[in-house]
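Everything below concerns the one structure shown next.
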Amino acid sequence: MKQFDTMRNETTGSLLVVPQAFLESLAEGQNKILALLENTPDKNRIGDYVTEAEAQKMLGRKATWFWGMRTKGLLAFAKVGNKVFYSRKDIEKFLEDHKNKL
Numbered sequence: 001m002k003q004f005d006t007m008r009n010e011t012t013g014s015l016l017v018v019p020q021a022f023l024e025s026l027a028e029g030q031n032k033i034l035a036l037l038e039n040t041p042d043k044n045r046i047g048d049y050v051t052e053a054e055a056q057k058m059l060g061r062k063a064t065w066f067w068g069m070r071t072k073g074l075l076a077f078a079k080v081g082n083k084v085f086y087s088r089k090d091i092e093k094f095l096e097d098h099k100n101k102l
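Here our numbering is used: the first residue of the sequence shown is 1, the next is one more, and so on.
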C-alpha cells in the first residue's frame, strides 16, 4: 500500500494528496539546489571584485577609511553608478604591502 501525505493549497484552500516518495524526491532536489547555492560565490561579488560593504567586513574598516584610501590613490577601485567595487587581489596586495615586518 502506498503512503500518502496531504498538503493544503493556501490560495484555494484545496487539499492535495501526493505519494510520500514524490515528497521525498522534492526534498532531495531541494537539498541539491541548496548545496549548489552554498557553493556559488556571494551575490555581492562580481568575478574577482567585492562590494565596498564586503571589503569593510573583510578588513574591519568603515566607509570613511576606504574613501580616504581611494582619494589618496592607495587602493584601486571601480565605480559603477554610486556603487564602489574593489579587486580582491588589490585588497590582498594592499595588506601585503602594509603588514608589519618583524
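Even for Gly, the Cβ is constructed at its ideal location relative to N, Cα and C. For clarity, every value in this text was computed on a predicted model and none was experimentally measured.
Local Cβ density within 10 Å of residue i, reported as buried at 16 or more and exposed below that
i: residue 74; result: exposed
Candidates the options, of which the one nearest residue i by Cα
i: residue 91; options: 33, 80, 24 and 51; result: 51
i: residue 48; options: 77, 33 and 29; result: 77
i: residue 99; options: 71, 64 and 59; result: 59
Counting Cβ pairs, one atom from each stretch, are 3 or more of them under 8 Å apart for the region 45–55 and the region 72–87?
yes
Along the chain, which unbroken stretches of the alpha helix (DSSP H) at least 4 residues long are found entirely within the region 61–93?
63–71
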